[in-house]
Every structure is written in C-alpha cells, then in structure tokens.
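Last residue of the sequence shown: 112 (my numbering), numbering continuous. The beta-carbon is built from N, C-alpha and C at its ideal position, and this holds for glycine as well. It should be emphasised that the depicted structure is a prediction, and the values quoted were computed from it without experimental measurement. Worksheet: the structure to be examined is printed underneath.
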Amino acid sequence: MVQRVSVVLEDDIDGGTADETVTFGLDGVSYEIDLSDANASKLRDALAPWVGQARRAGGRKATGARSSKPRASRGSDASAIRAWAADNGHTVSERGRIPAEVREAYEAAH
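As structure tokens, then:
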C-alpha cells in the first residue's frame, strides 16, 4: 500500500494558503515566515526602503565560484617556509598564518 503525505503551508499572517517561506534577519537573528504571494510582496515592499540603503552582510554570494586558491595548495610548504624563516632571521610562530612578507621573501630566495 502506498501512503502519500501532503504538507500544506498556512500563511502566518492571515491563515490562508501560503505560497512560500520567506527568510529575513534583524539584529543578528534570522526568521522564517510562511506567506501567500500577496503577503510576501507586502513584506518585501515594506522592507524595500531599508534594503535599498543597506549593505549586504554575509549570506550566499551570487556566484558559487571560488576567487582564491584552496588552502591546501597555499599552505603545503608551510613547514619549509617556517624552517627557512628561522634560519634567515625572520620571526614566525609555529602555528597560524605565515606573514605575507616572510612568504614573499621565501619565494624570492627560491
């Protein structure tokens, strides 16, 4: 026997049928609300003046492309750079990011 389960979203404002779940944030808190197309449009219109003047903070980027090299390829010579830096008078911690000046000096020497 086949069972089918149907989930029906209810508009959180007027109790009618919701067409979408809208996600928004305020004061560092994210919210979700199920709304009909009409109520979702009202919410977006109400927020438009503030969204139009705001900066985007975090969240998903428009493109999924990476803009920099993966960490593994950049940090593969970390132990060699640290050893070279110690032998050549540079101060570098045992862990963490190697300063750009030290990395550049290492690359210039090799």
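Item, Value
"List the DSSP bridge partners of Ile35.", "Val24"
"Could you compute how far the alpha carbon of Arg46 sits from the alpha carbon of Asp16?", "17 Å"
"Please classify Tyr33 as buried or exposed, where buried requires at least 16 other C-beta atoms within 10 Å of its C-beta.", "exposed"
"Counting along the chain, where does the alpha helix (DSSP H) carrying Ser8 start and finish?", "Where Ser8 is concerned, there is no enclosing alpha helix (DSSP H), given that its DSSP letter is neither H nor E."
"Three-state secondary structure (DSSP) at Glu12?", "strand"
"Who are the Cβ neighbours of Arg105 in its own chain at under 8 Å, not counting the five residues just before and after it?", "Ile83"
"Rounded to the nearest angstrom, what separates Glu96 and Ala102 at their Cα positions?", "15 Å"
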